[in-house]
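Each remark here refers to the structure printed beneath this line.
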Amino acid sequence: MDPRLKTIAENLDSWKLGLDASFQFHCTACGKCCIDREDILLTPRDLYNASKVLNMAPTEFVETYCECYIGQDSRIPIVRLKPRGSIKRCPLLKDHKCSIHSAKPAVCALYPLGRAMSFEKGSYNHDGVAGGEIQYFISPFNCGDKSETHTVREWLTDFNLPIEDRYFLSWHAFISEVCLFIREIEGKVSDKLLDTIWTTIYQLIYLCYDTGEDFMSQFERNKTALLEIIQKSEKELGDLK
Ligand code: SF4
Ligand code: SF4
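The numbering of the sequence shown is numbering that gives the first Met the number 0, which starts it at 0 and goes up by one.
Here is the structure:
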């Protein structure tokens, strides 16, 4: 498991905060959280929002600012902001400011908060909503100062993050299914077929969006299309056994 995720999982009980719990933090705009970063992973909504605000298609945004790789644990395509230079500066940091401030990735907007999903085993369906719970937490940080007090709810509202984030629930249930599928077939299908499957997943998850149209309906459409492909592939592979 990714060491950062492992640390979160081990400490979640002591770090977690309810929506109306308060924490003390004031960002002093030093910009340090935008350098030495190799871990700004983008979900499809982050990618859509950032592309839209820069008036780019998601494909162009990815080619300009990101890199894609297969996750070591998840085994699915991951998109991250590609750091620049020896200081590993985020490519979207311009003149010491975030150039997509109004559309910054959720992980940046939430900081110093984080969020994790908890699902009871077998409790989610393809809608990915039933049984899932978003858990907010605050991990130790060593920047800014503590001159302001916020509740989690206020922090989310200030950064335009939905309190009931149906997308976040749906996204996590969805990628759990895709991960399970890849783990099941990897090593059993040819490398060529696996590459084709990864490319299809990558395009449907991240790239097939028109930023002139509503995000959520396109996400649901792409999710349904990919789950249908997965179900069909599972059946065909099962028939070959
Ligand atoms: S996206 Fe913006 S806030 Fe996030 S690391 Fe890059 S410059 Fe900083
Ligand atoms: S969040 Fe922390 S590291 Fe980032 S700019 Fe604010 S004070 Fe600096």
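Backbone N, C-alpha and C define an ideal beta-carbon position, used for all residues, glycine too.
None of these values were measured; they are calculated from a predicted model.
Those residues which DSSP pairs with Glu132 across a bridge | Bridge partners of Glu132: Ser117.
In three-state DSSP terms, what is Asp126?
-> Confidence is the limiting factor: at Asp126 the pLDDT is only 49, short of 50, which leaves the residue's position unreliable and the question unanswerable from this model.
Candidates Thr156, Cys142, Lys222 and Ile99, of which the one nearest Ala60 by Cα = Correcting the residue type first, residue 60 is Phe in the shown sequence and not Ala. Checking every option, the nearest Cα to that of Phe60 belongs to Ile99.
Roughly how many whole angstroms lie between the Cα atoms of Asp126 and Glu163?
-> A caution first: Asp126 carries a pLDDT of 49, below 50, which makes its placement in the model unreliable, though a value can still be read off. The alpha-carbon atoms of Asp126 and Glu163 are separated by roughly 15 Å.
Compute the beta-carbon to beta-carbon distance between Leu256 and Leu109, rounded to the nearest angstrom, for a pair I have assumed lies under 8 Å.
-> Nothing about residue 256 can be reported from this structure: the residues present for the chain run from 0 to 240 only.
Which whole-angstrom value describes the C-beta separation of Phe136 and Lys15, a residue pair presumed to lie in contact below a C-beta threshold of 8 Å?
-> 5 Å between Cβ atoms; contact.
Just to confirm, does Lys103 get its C-beta within under 7 Å of one of the non-hydrogen atoms of ligand 2?
-> No, Cβ of Lys103 sits at least 7 Å from all heavy atoms of ligand 2.
Under 8 Å between C-beta atoms of Leu80 and Tyr68 | no
How many Å lie between Asp38 and Lys93 at the Cα?
-> 19 Å
Can you tell me whether Arg114 is buried or exposed, with buried defined as 16 or more other CB within 10 angstroms of its CB?
-> buried
Reducing DSSP to helix, strand and coil, say where Ser242 ends up.
-> Outside the modelled stretch of the chain, which goes from 0 to 240, sits residue 242, for which no answer is possible.
Buried or exposed for Thr210, please, with buried defined as at least 16 other CB atoms from any protein chain shown within 10 angstroms of its CB.
-> buried
Between the C-alpha atoms of Lys31 and Cys107, what's the straight-line distance to the nearest angstrom?
-> 12 Å
Determine contact between the segment 175-186 and the segment 225-239, defined as no fewer than three beta-carbon pairs at a distance below 8 Å.
-> yes
Assumed close pair Thr150, Asp19 - CB separation to whole angstroms, cut-off 8 Å | 5 Å
Contact between the segment 172-179 and the segment 44-56 (3+ Cβ pairs under 8 Å) | no
Simplified DSSP state of Asp209, which is helix, strand or coil = coil
Measure the alpha-carbon distance for Gln23 versus Gly17 and round it to whole angstroms.
-> 14 Å
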